[in-house]
Each structure stands twice: as structure tokens, then as C-alpha cells.
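Enquirer: Please see the structure below; I have some questions.
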Amino acid sequence: MPHSHSSDDSFARSAARPLALFGGAAVLALVLLMFLLDFLAGLASAGGAGTATGVDVERQEITVYLREEPPQLNSMLATDAVSGMVLGHVMEGLLRYDENSQIVPGLAERWEINGTRAVFHLRENARWSNGEPITAADFEYAWKTALDPATASQYAFIFYAIKNAEAANTGSLPVSEVGVRALDARTLEVELEQPVAYFDKLVAFVTYLPVSAAFHRQMGERYGADADTMLYSGPFMLTSWVHGASLRMERNPHYWDQDRVRLNAINAAYITSDSNTLLNLYKDGRIVQVDLSAEMLEGAMQQRWHLDRFMDGSVFFIDFNHRPERVTRNLNLRQAMQLAQNSNELVDRVIKLPGYLPAKSLFPVWLQGVERPLREEYPAPEAPYDVALAREYLERARQELGLTQFPPLVLLADTSPVATISSQYYQEVFKRNLGLDIIIDAQTFQQRLAKMDAGDFDIVLSGWGPDYNDPLTFADLYASWNLNNRGRFASERVDALVRQAQSSTDNAARMAAFGEIQQILFDEVALIGNYERGRVYATDPRVKGILRRVFGAEVDYTNAYIEVAP
Amino acid sequence: MWQYTLKRILQGIITVWFIATATFLAMHNVPGDPLSGGRAISPEIRANLEARYGLDKPLGEQYLQYLGNLLRGDFGISFTQQNRQVNDIIREHFPVSATLGILAVLFAALGGVLWGALTALYRNRLPDTVIMFLVILGISVPSFVFAALGQLALVNVNALLGVSLLPVAGWGGVGHMILPAQVLGMGTMAYLTRLMRSSMLEIMHSDYIRTARAKGLPPARIFTRHQLRNAILPVITVLGPAIAAITTGGFVVELVFAIPGLGRYFVQAVQQLDYTVIMGTTVFYGAFLVGMVIVVDLLYGWIDPRVRLQ
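Structure follows, in C-alpha cells:
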């Protein structure tokens, strides 16, 4: 190479100017382009409200986030928590849950439930967001449409307490035979199959929300797909929905109970499930509340944030495959596994997420009994953590099954972080304490359910969230006819007790039935409890009255208000 | 040239058909289907749902029907968002991904050329060492790390300044685009810097540069007219695939910055086994990728006549 250093130097110096010019031009071009894009984006859509601050005192607005986008907001088809959260703000049914998860009047000002007949009396001032009155016919239409086999609503079973509902839903009777009838514009009569002690609690569920028949027919398939393809009956109404980006809920001027609502608008301006992003948004003052994970807790305490915790109501547990060809059908094996693990250890030393509780029963601690919580009236039986005893049970199981050695067991689990570390925990303790080989089969939620339906597992990390505030929402999970009983556990006594709890209106007898079910499920080791899910969250101190709860909207801003320091 | 163009397009169509078929078969062989939810449904309702979406027909018939719809440009209705057309989802969300992608590529290309030229000029000296170290960092660190770090830095800067310099996440204004585009373009920029540097060095010692020097042309002119212009060719070659890769591969950045791009819908659809959305987005992305490669091939032939002769 003939080039000397000095010639390179002079070359570099003289080339620096065009290079700097190029750089400057590049930056300028980028800036211009961004403004052009900004302008075009402004033309293309109404634009998200992504620059608003978390608390707007002047306009009485708050900004929040959603973990996911609601798939659609048709109450007859909704199945997920995010849809439930949005619908909890923009819709109201006959009855609703208050801040203590007790039933209070919604659009119905009073109601009577006598045996198999229920009558709901609607308020005179119950109005849709377009000002038209909400009538009993709107409820009849919504319920019957949801039950129509052609609608194929996944939550249609929630109506099965109503006379002929199941038959209509499975197509053996016409929908017109379903026992719900609008007697006049303001009276709705419901006929039940049998007396149902918790029917008022069912009526507060999302699928029981009203739908304006005329409007629904007019919108057709588009109903619930956009902000303007729905009518609203709740304290707020959706005024904008930019798919994937934001939803804006504004105060509904036609809502009957205006005194309850103090905010003018709730901006769901961010849709992401990334917990670090949400924490950053909270730190930057963009959102009013954020859920914290274990590693965020220390920082939050140092910052002296206002922290709260709440149980979201779900219980997670190991479920067994009771199909004949599986070794997990053997009671002694299940008992060995029950004795060889410890849910306290799982929660305190493995999961380590704040707000989680070790699960001791199918029934979570918050369920109400006759007078006190169910779990106080009927304490959950607990197995000791006893490895020696566990090995005795294992040996008995081995002999009963006639095996020289246990085959590897397939542990089916979700792919979520908590499911992953939980399955690793069980793999480790069952290997260490019992010498069992566990093969972890991690699947996405939907694929896990499909494999459970097909019986393609030995043990599975499963979970259950309640639909209504009655222990039956958990208890009937192990009824032999329940399609969600994917491990096919079957006990005649449990079936009889579930039937009793479904039809009895004697509260004490029902709770006693739940107590007995709890004992049988423990004796038979139908499940091994993992954890009850909890959350720890930080709230902007200026915003008061935000509710976190199990039923209705998971996060409820309907009663929230902004308190400005004097 | 026309024959060449036609041949490339035909090849592209076959590639897209292959992508569609492979995705279709793979998707239907995964356990589970989009109809299973958290609450079990009775066989009667399942049958109704299957009939509604045509899942009750044999797989071969479904495939033919699917190909027929594809030819008409109809991807069907989403399973999870039951009242939205897949076409609407693509139409509404691809422009967002594309905007972000184009910005990221421009950022990467302009930056790559600038830094690459700079390192070549200052070869084996301090600026070169520093930039090349950063380049290795840029190539090896995945974009979600940059995204998290960039966002954290922004929060701290905003807190220090007491005003919001840029929004932390979200979508809507030009401010929302700056950080995500830079994060998204970072890897490509690092790659292009390296490419530009080696290309510049190669040309620096070529005969025509020596001739230009011997002619007594001013160095600045040699640099812009002869060196930069020729060195940029390989950069243009990789730009096409880079645009496609960035536009289609931005889902992590979209998730972190809460951007309503198509990538998020694609990932979500795979998780929820939303058949129609999976097929729609895969075929769309596949066609887009193939299209970009063809465009670049043709452009390259136009810029460099040697390619056409082969």
C-alpha cells in the first residue's frame, strides 16, 4: 500500500466537510420526514390521547392502561377480564356488585325472588346513552340472543338456572320457550328451573347485561366492534376506540345515578402487558395506577409510593388425570405427591410475588360463609410436609399398580413466568422427595386446555377464577358432568352435594355442603393447592376511590375522584 | 429486462403460495383450536361454532376454500375479535408498523453511511475504535434490551428536567416515534456501519481512486463523487431485506412502547391460535418480504448494469 499516513490525514480533513454536510442533511431530512408523518398520521386517525398526563385536574380526567385490547365489547359474547373491566364502566345491568362485593340495585330499583319466580322492576329513568328508555324487552332480547345456539356464546351456561335455557341453548327447544318475559316496559319476569339461592348474583354477571334490540339488529355483525356501534347503559360511555391504541370513556349524561360519577372521563391511553413499560409510565406521571412485580417492590418502598394489595379471586392448583390408563388415578400416588410438596414453600421461596397466598383448598379465603368467611367456618384440612410418609404412600401405590418403577409423569403447564417456575418447583420436589421423573410440557393457554380435554397429561397446573360471588362457582368444578372437570374426577357424593347446593335455598345447609366437598376433595386428593393470586399496586395519591375487586370490573374507576391538596 | 422482471414475480408468487400452504398445515397440526376458551363449551355449541367458521369441513376442503378466498384478497373474520375483518386489522395496523419501520430504516441507513464513512476515514484511529466497539454492541444486543434501557433513560431524563421531553410510550404524535424508531433501527444501523466501512476501505485502494488522485482532483470531490457513491451500492442491496425485516420484526418494540402495530396482532394471534389472523398476517408479511426482495433486485439491476447482463 503506497499511501503514507500524512496523505491519509489530509484526505480525512478535507473529506470531513462533505461528511458533516451529509450528516446535517441527514438529520434535517429525518426531522422533516417525521413532521410529514405526524401530519399524515393526524389525517389518518383521530389520534390517541397518548400525551395527556395521568391526572388532569382541570378537566377532571384520569389516564389509565389496559393489559390487552378487548377483543370486542358485545356483552353477549364477552369472556375475558379486560372486556369485563371496560363493560363494567360503560354498561350496567339489573343488579351490580358494590365495593364490598354485595349485590345492590342497578337498573332495577327493586326485585323479588320467590322460589322459582323472579321479578325485576326497572327504574323509570333508566336510559340508553342515546336517551331512549331501557326496557324489560332489552333484557329479554339480550338473554335470549345469548342463549340462541346460532350466537354460540361461550358463557351461555350462566343462564342455565333459567327454565328451558339449557334446552334452548343446545337446540332441543326454541329460544322463545326460555323462561324470561317482559311483562311490560318496566317489569321483567324470570322463571327458574328450580329455586336458586344465588340468582341475584348471577344477574350481576356481564352476559346478563341488556342490549337494545333495534340497535343490535341495525348494527348486525358490527355490534360491539367500535365505539359507535354500541349503546351504553352505564355511568360512562365509549366515545373513541382506536384499535390497539386507546379507548376513551366519557361520562354518560343519560345514566340514572349521576351523583355516583365524579370524573368527566377515563382515558385508557396505553394498551400493553409489559410491566416495565407500565412502571415507567407511572413514574412519568402518565397513568394513575400500576401493578408491581417482586423486583419493583423495593424501589417503590424507597419512593414511599402509596401501595395496596388485593386478591384477584383466582385459585391455582395441581389437577390430576383420573382417566383409567393413567397412574395418577391411584389414590396412594396422589397422596404421596400431596405430602411431598409444600405450597408455603412454593409461594414464599419460589414465586416470591407480593400479594400471593399459599392455596390450601379449592375454596379461596375470601369466600363468604353463613356469617363469617367460609374458610373460617369450615377450615381447610391440611396435609403435613412429610417426606417419609410420602414415600410409604408411594411404595403402596407402586405395589397396587404392580410396577417395578414409575414411568415419567407429564406435567402440563402454561408458558407464563409463574407457571414456569411453579412447574420447575414441582419437578424438583417430586424428584428429590419421591424419585419421580417429571416431564414438563409447557403450552400456551389454549393448547394447554386442548391437551387437558384430550387427556394428554398426568398432572397439570390449572387454575380457576370465580364467575359469581358464591362458593358454588368453585364447588361445581369437580362435578362429574362439568365440562371444565378435564381430569375427569368423579365422586357420587360430590355430585350429590353440588346438586344440593344448586337447588337448596337454606344458606347454612349449602355452606355445610361446601364444607363437606372441601373435605372429600382433600381426602381424595382431587387437587393440590398452589396459590391464590394477589396483586400489589401503586396509586397516584391525588386519585381516590379506585376499587380493585373480584366481581364486576377488575379495576373500577366509576367511583373515583381527584382530590387536590389544599 | 422485462423477462427478468416477469421471472422474478412468478418466483415470488410461488414462494407466497408455499408460505401459505406451510402455515396452513402447521397451524392445523398444533394441538387445540381458536374455539377453546377458559370455560368449556358443550358439544352442541362447539358444533355451531365450527359450522360458523367452516371448521367442520375436511381439511382439504378448508384449504381449497382458503386458497379461493386468498385469491379474492379476503382473509376472513378474526376468531378472537369476532366482529373484525382480518383485512381491516391489516389495513389499520400495518401503516403503523410501516411508519415506524421506514423511520427506523432511514435512521439506520443515514446513520450507517455516516458512521461507516467516518470509520473508514479514521481507520485504525480513535474514532474508528470507539465506533466499531459501539457497532459490535449494537449488533449483539437485542432490541428489547435497547427498548427497555432507552425507555428507562427517558423516564430519568424527564424526571430530571421536570418536563416531558418525549413521551415514554403510546402512539399518536411525532414524539412517540422518535425513541422506538431509533431502538428498532439500532441493530441495522450497526450492521450497515460495518458494511459501509469495509466497502469504503475496499474502494479507497481501487485503481480509479488512484487515477482520480493522480489527476489532481480535490479530495472532497474524490470522496463524494467516486468513493461514497460506489461504496453505497452494497448498502442499498441489504436495504430491501432490512426494510422488510424491520417492518415485520418490530413486535417486541411495539409491545414495549405500547404501539398499535401489526406485529402485536401477529404474536397475539399465534398465542390465541386465531387461525384467520395468523394466516392473514403471515401471508401478508410473506408477500411483503418477497415483494421487497424483488424490488431491490430490480433496483439493483437498474443501478448496476452488470447485474442485468448475468
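The listed protein sequences correspond, in order, to chains U and B. Just so we're aligned: the first sequence equals residues 19 to 584 in this note's numbering. Just so we're aligned: the second sequence equals residues 25 to 334 in this note's numbering. We put the CB at the ideal spot given by N, CA and C, even for glycine.
From the DSSP output, in three-state form, read off U/K562 for me.
Expert: In the first sequence, the residue the question calls residue 562 of chain U occupies position 544. If DSSP states are grouped into helix, strand and coil, U/K562 belongs with the strands.
Enquirer: With a CB to CB cut of under 8 angstroms and the five nearest residues on each side skipped, what residues in its chain are close to U/L427?
Expert: Start at 1 with the first residue of the first sequence, and residue 427 of chain U comes out as number 409. Same-chain partners within the cutoff: V345, T346, F448, L454, D455, I456, I457, D476, I477.
Enquirer: Determine the closest residue to U/A164 out of U/L227, U/R114, U/G106, U/E268, with distance taken between C-alpha atoms.
Expert: Start at 1 with the first residue of the first sequence, and residue 164 of chain U comes out as number 146. Checked all of U/L227, U/R114, U/G106, U/E268; the closest Cα to U/A164 is U/L227.
Enquirer: Below 6 angstroms CB to CB, which residues in the same chain sit around B/G140 once its five sequence neighbours on both sides are set aside?
Expert: In the second sequence, residue 140 of chain B corresponds to position 116, counting from 1. Here the set comprises T217, M220, R221.
Enquirer: Determine which residues share a DSSP beta bridge with U/T433 and list them.
Expert: In the first sequence, residue 433 of chain U corresponds to position 415, counting from 1. Bridge partners of U/T433: none, in fact.
Enquirer: From U/E9 to U/D494, what distance separates their C-alpha atoms?
Expert: Lying before the first or after the last residue shown, residue 9 of chain U is absent from chain U, which here runs from 19 to 584.
Enquirer: Can a CB atom of chain B be found closer than 8 angstroms to the CB of U/R77?
Expert: In the first sequence, the residue the question calls residue 77 of chain U occupies position 59. Residue contact with chain B for U/R77: absent (no Cβ-Cβ distance below 8 angstroms to any residue of chain B).
Enquirer: Indicate whether at least one CB of chain U lies closer than 8 angstroms to the CB of B/I69.
Expert: By 1-based counting over the second sequence, the position of residue 69 of chain B is 45. Yes, B/I69 lies at the interface with chain U (some Cβ there is under 8 angstroms from its Cβ).
Enquirer: Can you name, in chain order, every residue of its own chain whose Cβ lies under 7 angstroms from the Cβ of U/F507, other than the five neighbours on each side?
Expert: In the first sequence, residue 507 of chain U corresponds to position 489, counting from 1. Hits under 7 angstroms: H340, Y496, A544.
Enquirer: Would B/V320 and B/L263 qualify as a contact pair, given that the criterion is a beta-carbon distance under 8 angstroms?
Expert: On the second sequence, position 296 is the one that residue 320 of chain B refers to. On the second sequence, position 239 is the one that residue 263 of chain B refers to. Yes, the pair counts as a contact, with Cβ atoms nearer than the cut-off.
Enquirer: Whether or not the region 546–563 of chain U and the region 360–377 of chain U are in contact is what I'm after, with contact meaning three or more pairs of Cβ atoms, one per stretch, closer than 8 angstroms; do they touch?
Expert: yes
Enquirer: Count the other CB atoms, across all protein chains shown, that sit within 10 Å of the CB of U/K162; report buried if there are 16 or more and exposed otherwise.
Expert: For the purposes of this step, residue 162 of chain U is taken as the residue at position 144 of the first sequence. Buried: at least 16 other Cβ atoms inside 10 Å.
Enquirer: Our contact map puts U/G189 next to B/E68 with C-beta atoms below 8 angstroms; I'd like the distance itself, whole angstroms only.
Expert: For the purposes of this step, residue 189 of chain U is taken as the residue at position 171 of the first sequence. For the purposes of this step, residue 68 of chain B is taken as the residue at position 44 of the second sequence. The Cβ separation is near 6 angstroms, so the contact holds.
Enquirer: Which parts of the region 126–214 of chain U are runs of the beta strand (DSSP E), unbroken and 3 residues or longer, counting only runs that do not cross its ends?
Expert: Listed in chain order, the beta strand (DSSP E) elements of length 3 or more contained wholly in the region 126–214 of chain U are 126–132, 135–140, 198–202, 205–209.
Enquirer: Between which two residues does the beta strand (DSSP E) containing U/E79 stretch?
Expert: Here residue 79 of chain U is taken as the residue at index 61 of the first sequence, counted from 1. Unbroken beta strand (DSSP E) run through U/E79: 79–84.
Enquirer: Quick check on U/T491: does DSSP put it in helix, strand or coil?
Expert: For the purposes of this step, residue 491 of chain U is taken as the residue at position 473 of the first sequence. The answer is helix: DSSP assigns U/T491 an H, G or I state.
Enquirer: If you measure from the beta carbon of U/G68 to each beta carbon in chain B, is any gap under 8 angstroms?
Expert: Within the first sequence, numbered from 1, the residue matching residue 68 of chain U stands at position 50. Only weak support is given to the placement of U/G68: the predicted model assigns it a pLDDT of 46, under 50, and the value that follows is read from those uncertain coordinates. Interface flag for U/G68 against chain B is set, since a Cβ pair is found closer than 8 angstroms.
Enquirer: Go through the region 397–445 of chain U residue by residue and report every complete run of the beta strand (DSSP E) that reaches 3 residues or more, in order.
Expert: 427–431
Enquirer: Quick one: does B/F131 have its CB under 8 angstroms from some CB of chain U?
Expert: Mapped onto the second sequence, residue 131 of chain B falls at position 107. Put simply, the CB of B/F131 is near chain U, with a gap under 8 angstroms to one of its CB atoms.
Enquirer: Using DSSP with H/G/I as helix, E/B as strand and the rest coil, what is B/G325?
Expert: Your numbering for residue 325 of chain B matches position 301 in the second sequence. Looking at B/G325 - three-state DSSP - the assignment turns out to be helix.
Enquirer: Rounded to whole angstroms, what is the Cα-Cα separation between U/F569 and U/G483?
Expert: As a working note, residue 569 of chain U is residue 551 in the first sequence. As a working note, residue 483 of chain U is residue 465 in the first sequence. Here the C-alpha atom of U/F569 lies approximately 10 angstroms from the C-alpha atom of U/G483.
Enquirer: What does U/H261 reach in chain B if we use C-beta pairs closer than 7 angstroms?
Expert: If you number the first sequence from 1, residue 261 of chain U lands on position 243. Those are E116, P284, listed as they occur along chain B.
Enquirer: Taking C-alpha atoms, which residue in B/V192, B/G78, B/S223, B/P151 lies nearest to B/I260?
Expert: For the purposes of this step, residue 260 of chain B is identified with residue 236 of the second sequence, where counting begins at 1. The residue with the shortest Cα to Cα distance from B/I260 is B/S223.
Enquirer: Using a threshold of 8 angstroms, state whether the C-beta atoms of U/A460 and U/A431 are closer than that.
Expert: Mapped onto the first sequence, residue 460 of chain U falls at position 442. Mapped onto the first sequence, residue 431 of chain U falls at position 413. Cβ distance < 8 angstroms, so U/A460 and U/A431 count as in contact.
Enquirer: Relative to the C-alpha of B/G56, which residue among U/N487, U/S441, U/L467 is closest?
Expert: Taking the first residue of the second sequence as 1, we reach residue 56 of chain B at position 32. For the residues U/N487, U/S441, U/L467, the minimum Cα distance to B/G56 belongs to U/L467.
Enquirer: In chain order, what residues of the region 290–313 of chain U put their CB closer than 7 angstroms to some CB of chain B?
Expert: T290, D292, N294, T295, N298, L299, K301, D302, R304
Enquirer: Which bits of chain U does B/T104 rub up against, with CB to CB less than 7 angstroms?
Expert: Translated into the one-based positions of the second sequence, residue 104 of chain B becomes position 80. Neighbours of B/T104 in chain U, taken as residues at a C-beta separation under 7 angstroms, are given in chain order as P89.
Enquirer: Please decide whether U/Q464 counts as near chain B, where near means a Cβ-Cβ distance under 8 angstroms.
Expert: For the purposes of this step, residue 464 of chain U is taken as residue 446 along the first sequence, with counting starting at 1. Chain B, which has a Cβ nearer than 8 angstroms to the Cβ of U/Q464, makes this yes.
Enquirer: Taking 8 angstroms as the CB-CB cut-off, is B/A172 touching chain U?
Expert: Here residue 172 of chain B refers to the residue found at position 148 of the second sequence. For B/A172, the answer is yes, since a Cβ of chain U falls inside 8 angstroms of its Cβ.
Enquirer: Within 10 Å of its beta-carbon, does U/L385 have 16 or more other beta-carbons around it, so buried, or fewer, so exposed?
Expert: Numbered from 1 along the first sequence, position 367 holds the residue referred to as residue 385 of chain U. Buried: at least 16 other Cβ atoms inside 10 Å.
Enquirer: Under 7 angstroms Cβ to Cβ from U/S119, same chain only, skipping five residues before and after it: list those, please.
Expert: Stepping through the first sequence from its first residue, residue 119 of chain U is reached at position 101. Taken in chain order, the residues that qualify are N487, R567, V568, F569.
Enquirer: Applying a beta-carbon distance threshold of less than 7 angstroms, which residues of chain B neighbour U/T188?
Expert: In the first sequence, residue 188 of chain U corresponds to position 170, counting from 1. Within 7 angstroms Cβ-Cβ: S66, E68.
Enquirer: Can at least three beta-carbon pairs, one atom from the region 115–128 of chain B and one from the region 200–219 of chain B, be found at a separation below 8 angstroms?
Expert: yes
Enquirer: Could you pull the start and end residues of the beta strand (DSSP E) that U/I289 belongs to?
Expert: Your numbering for residue 289 of chain U matches position 271 in the first sequence. Looking at the DSSP string, the run of the beta strand (DSSP E) that includes U/I289 is 283–289.
Enquirer: Is there at least one Cβ from chain B nearer than 8 angstroms to U/N502's Cβ?
Expert: Position 484 of the first sequence, counting from 1, holds the residue named residue 502 of chain U. It does; some Cβ of chain B falls within 8 angstroms.
Enquirer: Below 8 angstroms between beta carbons: does that hold for U/V73 and U/V306?
Expert: Locating residue 73 of chain U in the first sequence gives position 55, counting from the first residue. Locating residue 306 of chain U in the first sequence gives position 288, counting from the first residue. Yes, they are a contact pair.
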